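Peer 1: The sequence shown begins at 63 in the working numbering and counts up by one.
Built from N, CA and C at the ideal position, the CB exists for glycine as well.
Small disclaimer: the values here were computed from a predicted structure and weren't measured.
Dropping a structure here in structure tokens format, bear with me for questions.
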Amino acid sequence: MQTDYLQFIFQAINNLLTQNLGFFDAMGQNLFRMFATILVVWYGVKSALSAASGKHFLHFDNFAALLLTISFGFGMVNYYSTPLPGIGVSFHSLITNESQFLANKINQTELQTVEETVADFETRMDSPGFGDILGTAEYIVITILLAAAQAIAIVVIAYGFIATAVCVLVGPVFVPFFIVPKLEWLFWGWFKAFIQYAFYQVIAAAVVYVIGNLILGILDLEPKGTISIVQLIEAFPVLFITFLAAIYALLKIPALTNHIFSGTSGGSSAAILEKVFG
């Protein structure tokens, strides 16, 4: 079921980029031509006025640096969504393809395996009898934790793909600012966010791999066949801690990604312990 949801999301992302990327790409190319023309004319006028007033003449090193910057910007804008000569992939695909390759190298089937194992565990849990308050409570808690872990996994992983797609879509609008003095921070801000969200799926795949193996190991220890309420009560502490830890780790993926790319830390569970124990 998780794979079905993700496939729906992938299809929506593909439709978004297919229908709208061309418009943003054309807008970015128009912006780049406008900025490049203004910068070249501005530099020429400054040099002419400087020479007319008897000051410094044209500095070819500065002019060459300007042309080189414009050339880099032209390459990023012109080949943003079309293959680069000699490479065969577009500018934005250089980043997204690499992150996808790394995520697949970790394990591309772990989420599906965990989903199937959890679904099998749910079907094998015996329903509590009428009047069994403790058994009913633990049955409900385990069921909620199982559903929450699966739902959070879908949301967290899908968020990375959606954010990356949005960065790809609006990228052509920010790339032209690479050549504009005092406004290049717009390009670098977008580029940093693009790389961060592109590698979000790599970090998510690594976390899901670790959490998935933990869940698979714990569920494999449970008895085969139907799990009675007595057996569920005995396994409740381990299952509760395992799924609670899994949910916490999944929720911390965005913070972990931000910490990696910002060079900060602080992703410990101290805040939770303080809230629990006062």
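1) Mind checking A26: buried by the 16 CB within 10 Å criterion, or exposed?
2) Please report how far the alpha carbon of T158 lies from the alpha carbon of I273, in whole angstroms.
3) So what does DSSP say about Q162, is it helix, strand or coil?
4) For I289, write down the residues that DSSP places opposite it in a beta bridge.
5) If you compare alpha carbons, which of I202, L207, A220 and M138 is closest to Q73?
6) Locate the alpha helix (DSSP H) running through L128, then write down its first and last residues.
7) Of the residues K314, M187 and L231, which one's Cα is nearest the Cα of L294?
8) Is the Cβ-Cβ distance between P234 and Y141 less than 7 angstroms?
9) Near G340, which residues of its chain fall below 7 angstroms by C-beta distance, leaving aside the five closest residues on each side in sequence?
10) Taking DSSP as the reference, what is the three-state secondary structure of T226?
11) What did DSSP end up calling V242 once you bin it into helix, strand or coil?
12) By the DSSP assignment, the alpha helix (DSSP H) with L281 in it spans what residues?
Peer 2: This is what the structure holds:
1) Past the boundaries of the shown model lies residue 26; the chain is included only from 63 to 340, so the question cannot be answered.
2) Stepping through the sequence shown from its first residue, residue 158 is reached at position 96. Stepping through the sequence shown from its first residue, residue 273 is reached at position 211. Each residue's alpha carbon lies about 24 angstroms from the other.
3) Position 100 of the sequence shown, counting from 1, holds the residue named residue 162. Here Q162 sits in helix by DSSP.
4) In the sequence shown, the residue the question calls residue 289 occupies position 227. Note: I289 is bridge-paired with M187 in the DSSP secondary-structure output.
5) Working through the sequence shown from its first residue, we reach residue 73 at position 11. The closest CA to that of Q73, considering only I202, L207, A220 and M138, is found on A220.
6) As a position in the sequence shown, residue 128 is number 66, starting the count at 1. Counted as a single uninterrupted DSSP element, the alpha helix (DSSP H) harbouring L128 occupies residues F122 to N140.
7) Reading the sequence shown from its first residue, position 232 is the one you call residue 294. Nearest of K314, M187 and L231 to L294, Cα basis: M187.
8) Counting from 1 along the sequence shown, the entry for residue 234 is found at position 172. Counting from 1 along the sequence shown, the entry for residue 141 is found at position 79. No; because the gap between Cβ atoms is not below 7 angstroms, this pair is not in contact.
9) Within the sequence shown, the letter at position 278 stands for residue 340. Unreliable positioning characterises G340 in this predicted model, as indicated by a pLDDT of 49, which lies under 50. A coordinate reading is not provided.
10) By 1-based counting over the sequence shown, the position of residue 226 is 164. The answer is helix: DSSP assigns T226 an H, G or I state.
11) For the purposes of this step, residue 242 is identified with residue 180 of the sequence shown, where counting begins at 1. Note: V242 maps to coil in three-state DSSP.
12) The residue given as residue 281 occupies position 219 in the sequence shown. Counting along the chain, L281 sits inside the alpha helix (DSSP H) bounded by residues Y262 to D282.
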